[in-house]
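A short worksheet on the structure shown next.
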Amino acid sequence: MSSDPMKAYRARRDKARLPVLEKYGILGFISSAQSKDSDGAIYAIKKFKPDKEGEVVTYTGISQSACREIALNREIDNVNVIKLREVMLEDKSIYMVFEYAEHDFLQIIHHHSSVLRNPIPVPVIKSLLFQLLNGVLYLHNSHIMHRDLKPANILVTSSGVVKIGDLGLARLSHNPLQPLYIGDKVVVTIWYRAPELLMGSKHYTKAVDCWAIGCIFAELLSLRPIFKGEEAKLDSKKNVPFQKDQVIKIFEVLGTPDLEQWPGLIHMPEYPNMLRLEKYRFNLQAWVNQRLQAPLGYELIGRLFDYDPTRRITAKEALTHKWFATEPRPTKNAFLSLPSQQPYPLRRVTNDEAPTMVAHLTQTTTSRPPTGGGAGSTFHRLPQQSQANTNNNNNGHAGNGAVAGANGGGGGPARKKPRLQ
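Numbered according to UniProt numbering, the sequence shown spans residues 1 to 421.
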């Protein structure tokens, strides 16, 4: 018997190796793997990409963004937000292990637009949106802004439970040590970016998440992004340009804002650029009526699209909106109203480079090599496998869509909201 505990640990760790099931992701390598415990549970494993100088990988420690994402995820416990199960260090790389979700909003939208060629049923939309708002309310009550809500980052389990994923851009909003703009000049994917961000505001609030929810709501209704503009890239000096095309796409539907609608607009850095644009009329009602014959639903989406972030409806207020109190009511299983013979396909698989991993999870929250003879949690690296690309995604959405939360609750509004059936 070897007297070296690390050698014995590695020997036990490498005894049994299982292949990764799927791999996907762009900001970090994401794999799904099956637990070797008796329950055979599936987990999503995110590996943070190491820094590279050309083709040479350099190890500079744990990045600030990784530390933030890990710290936030370790504190979160809500049924509609991702639940981090373990954090592991292996071969100088950091891995985060999450519970797995089979679907995401983007995949559901694509399935209805490209395969079924019919709209998502209103009962499904209402349940998905209600659960999304519940998860966002929990984050906001915890003083967390997500800052990257979009269909690819909103996951759904096979039992119809929404899980908000990818907190890589999330930040604490309560008494930050420095303005949020200093750390991240560009936040929120362009099609879901709130007007105050597009107008150059360096101080913003949780209202940016509520605007993104409005965009997601509209996309669930229409099966395409409501504001699909072209993003102007940063210049060589990393200056943020005026996003003219995206602003026009918003004005074409919501009309050009004036100072009565948005008093703070005059103080926005991009206000002079906005004045040079053509004037547009308000067209949201015609847009919504083509897709949702429900006045209360129109009222809700209109309040999510309020130009003035101080007047925009909050997640707490949205959860108590009258639309959710009308039939059909939102349900805990968003797929409850669907026919049993119409399951959604599993989430897409890509050919992105990824490690092949398997997690053997125990009740511990963080694994570490044993000092003696304990088994602990194990994490295995296997030879890379190739996977066929089973989805042709040409809608331009980015995001890993790879992790899901579970367990817990809380963060509900003070007033009584419709009970999930």
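The C-beta atom is built at its ideal place from N, Cα and C for all residues, glycine as well.
Specify the secondary structure class of residue i as computed by DSSP and reduced to three states.
i: V156; result: strand
i: D4; result: coil
i: M145; result: strand
i: K249; result: helix
i: L223; result: coil
i: R171; result: strand
i: N118; result: coil
i: G264; result: helix
i: Y138; result: helix
i: Y344; result: coil
i: G200; result: coil
i: V124; result: helix
i: E69; result: helix
i: I62; result: coil
i: L275; result: helix
i: D209; result: helix
i: K185; result: coil
i: R74; result: helix
i: P339; result: coil
i: S113; result: helix
i: L132; result: helix
i: K238; result: coil
i: G229; result: coil
i: P269; result: coil
i: A218; result: helix
i: K244; result: helix
i: P195; result: helix
For residue i, which residues from the same chain have a beta carbon less than 7 Å from its beta carbon, with the 5 sequence-adjacent residues on both sides left out?
i: L72; result: I144, L167 and A170
i: L172; result: H143 and I144
i: E219; result: I109, P151, P225 and I226
i: W287; result: V253
Rounded to a whole number of angstroms, what is the C-alpha to C-alpha distance between residue i and residue j?
i: D4; j: Y100; result: 36 Å
i: N283; j: Q290; result: 12 Å
i: H140; j: L338; result: 31 Å
i: I266; j: A44; result: 46 Å
i: L319; j: E252; result: 28 Å
i: D306; j: R312; result: 5 Å
i: V136; j: E278; result: 35 Å
i: L128; j: M274; result: 35 Å
i: V247; j: E196; result: 10 Å
i: N78; j: Y138; result: 7 Å
i: E317; j: E90; result: 44 Å
i: V97; j: I125; result: 29 Å
i: S158; j: I164; result: 15 Å
i: F217; j: V208; result: 14 Å
i: I94; j: K83; result: 17 Å
i: R102; j: K322; result: Rather than Arg, the amino acid found at residue 102 in this sequence is Glu. Between E102 and K322, the C-alpha separation is close to 31 Å.
i: T331; j: V162; result: 11 Å
i: F324; j: R303; result: 14 Å
i: N134; j: R276; result: 39 Å
i: N333; j: G160; result: 4 Å
i: N80; j: D148; result: 16 Å
i: H203; j: I70; result: 25 Å
i: K46; j: R74; result: 14 Å
i: W262; j: R347; result: 40 Å
i: P328; j: M88; result: 44 Å
i: R68; j: I62; result: 10 Å
i: L296; j: T326; result: 9 Å
i: R117; j: A66; result: 40 Å
i: E299; j: C215; result: 14 Å
Leaving out five residues before and five after residue i in sequence, what residues of the same chain have Cβ atoms less than 6 Å from its Cβ?
i: F105; result: P151 and I154
i: F227; result: W191, K249 and I250
i: E230; result: D245
i: P241; result: A232
i: G255; result: Y280, R281 and F282
i: E270; result: M199, G200 and F242
i: W211; result: A194
i: F335; result: G160
i: residue 437; result: It is not possible to answer for residue 437, since the shown part of the chain is limited to 1 through 421.
Please confirm if residue i has its CB atom under 9 Å from at least one CB of chain B.
i: A194; result: In the displayed structure, chain B is absent; only one protein chain is listed.
Which residue or residues does DSSP assign as beta-bridge partners of residue i?
i: L254; result: F282
i: K163; result: L155
Using a Cβ-Cβ cut-off of 8 Å (strictly less than) and excluding sequence neighbours within five positions of residue i, which residues of its own chain qualify?
i: R213; result: Per the sequence shown, the amino acid found at residue 213 is Ile instead of Arg. L129, L132, L133, V136, L149, L304, A315 and A318.
i: L259; result: L265 and I266
*Identify every run of the beta strand (DSSP E) within the segment 76 to 107, keeping only runs that are complete inside it and at least 3 residues long; order them along the chain.*
84 to 90 and 93 to 99
*asked:* Quick check for students: name the residue ranges of the alpha helix (DSSP H) that lie wholly in the segment 289 to 326, counting only runs of 4 or more.
replied: 295 to 304 and 315 to 319
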